[in-house]
Structures are given as structure tokens and as C-alpha cells.
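Input: a single structure, listed below in C-alpha cells.
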Amino acid sequence: MVQTIQARDISLYDLEEKFGLELITNPDFFTEWVDNLPTLTNEEKLALERIKSNYLNLTKRRPMSEEAVKMVVLSRLLDLAGLYQAPYEIETETSTQISAEDEGIIVKGNIDVLVIQKRLWVLVIESKSTKFDVITALPQALAYMLDTPNAEKPTFGLLVNGREFVFIKLIKQQPKYARSYALSIEKEHELQQVLSILKRLSELIGA
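Below, the structure written as C-alpha cells:
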């Protein structure tokens with residue numbers, strides 16, 4: 020009998036045991052989030068200050084919901100990174116499944132934002148309420164990313180809860196992944212780094 024697990028219920032241990040996923044700690048594996056980052060224009064820096072100001076103002080009253088995070092923070096960042104322009108397409112709430120060989124397990128769930136370039140997954144973005152630690156979405160994001168049809172090139176992901184951002188790189192063949200440390204919207208210059216990384220990844224996946 021096939022066992023079905025919602026992606027939100029999957030753990031890193033499950034992914035390691037059932038799918039052979041391996042965490043890589045060697046910094047040379049994931050250099051895209053630190054090397055050759057583009058310099059931002061003054062206009063882009065001002066736009067980021069506006070995003071930060073909006074975030075700080077809204078969180079004075081209550082934690083931001085998932086939908087508010089998408090509208091106030093995530094949507095603006097994707098726009099500034101050029102990911103709403105050709106050749107990129109965005110599909111939202113797209114269902115996906117992965118299965119483990121001979122284990123009788125299917126992991127399924129809905130993804131928050133899926134960026135597709137030439138029908139391949141290039142960015143997976145998990146949007147969680149700001150009251151949750153951003154890393155709580157890591158197993159869920161990796162489960163979705165393992166379903167990429169692109170086995171030859173890396174898949175990149177972004178975890179965001181409005182306050183923090185974590186980037187992920189995954190290689191599907193002999194599956195392995197690495198992640199950045201959490202970048203904070205509240206720390207000086209880290210939001211600028213987030214946009215620079217997004218712009219760098221857009222260059223790589225659009226090449």
C-alpha cells in the first residue's frame with residue numbers, strides 16, 4: 020500500500036532516508052549566493068528602503084500573514100529582480116509530487132510560488148507567516164525542489180517569512196543541497212544582499 024505524506028509533514032530525516040538527500044557543508048558547493056553579486060543602483064536601494072519601511076510599519080500591529088508577506092515583501096523583490104519579465108513565468112499554488120523508489124511513499128503538497136524558465140523549475144519560494152522560523156519551511160521546499168524535471172542543472176530556492184531569507188541550492192543527481200545563513204530584513208545591508216542574490220540567480224537561470 021502506498022503511503023502518502025503531505026509535504027508540510029516531511030522532515031529532513033525523511034528526505035535523507037527515503038530519497039538519499041545529502042547536506043553539503045563545503046562552501047565551494049554553493050558559491051552563487053556570495054560570489055559575483057551585481058551592484059545595486061541607487062534607485063534599487065531606495066526601493067528596498069521602502070520595502071523595509073513598509074514591513075516595519077505593518078509588523079508594529081501584528082505578525083504579517085503569509086499573504087501579506089507575499090504582497091509587501093516578496094512581490095516587490097521579485098519585481099526588482101526582473102523575474103516578472105520574459106523569459107520567466109510564474110505559476111502559483113501548483114501541486115507537485117515526488118516518490119521514493121521501492122519505499123511506497125509519495126510526498127505531496129502545494130507550493131507557494133513556482134518560477135519556471137523554459138518549463139524547468141528554477142526557483143522555489145516558500146512563504147511562511149513571520150511568526151514561524153524561516154528554517155521550518157526547509158524540508159517542505161526541498162521536497163518540492165526534488166520534483167524538478169531539470170536533472171542536469173542546479174535548482175535554487177528561497178525561504179522567506181518576511182523577516183528572514185534563506186537561499187538553497189539543490190542538485191538532483193545523487194541529490195545534495197546546501198543553504199545560506201538567514202539574511203534579515205532588519206539588519207543593515209542584508210536586504211540589499213537578498214536582492215543582489217536574486218538578480219545573480221536570475222542571470223544564471225536565464226542564460
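Numbering (my numbering), first residue to last: 20 to 226. We put the CB at the ideal spot given by N, CA and C, even for glycine.
Classification of P46 by the beta-carbon crowding that lies within 10 angstroms, buried from 16 upward | exposed
Tell me where the alpha helix (DSSP H) around G225 begins and ends.
-> 209-225
Beta-bridge partners of K206, as assigned by DSSP | DSSP lists no partner for K206.
With DSSP as the reference, label L177 as helix, strand or coil.
-> strand
Flag this pair as yes or no: are the beta carbons of K188 and A170 separated by less than 7 Å?
-> no
Using the Cα positions of T44 and A197, report the straight-line distance between them to the nearest angstrom.
-> 7 Å
If we ignore side chains and look at the alpha-carbon of each, how far apart do A100 and A156 end up?
-> 23 Å
Helix, strand or coil: how does DSSP classify Y163 here?
-> helix
On the premise that V88 lies in contact with V213, defined as a C-beta separation below 8 Å, what is that separation, rounded to the nearest angstrom?
-> At roughly 13 Å, the Cβ-Cβ gap does not stay under 8 Å, so V213 and V88 are not in contact.
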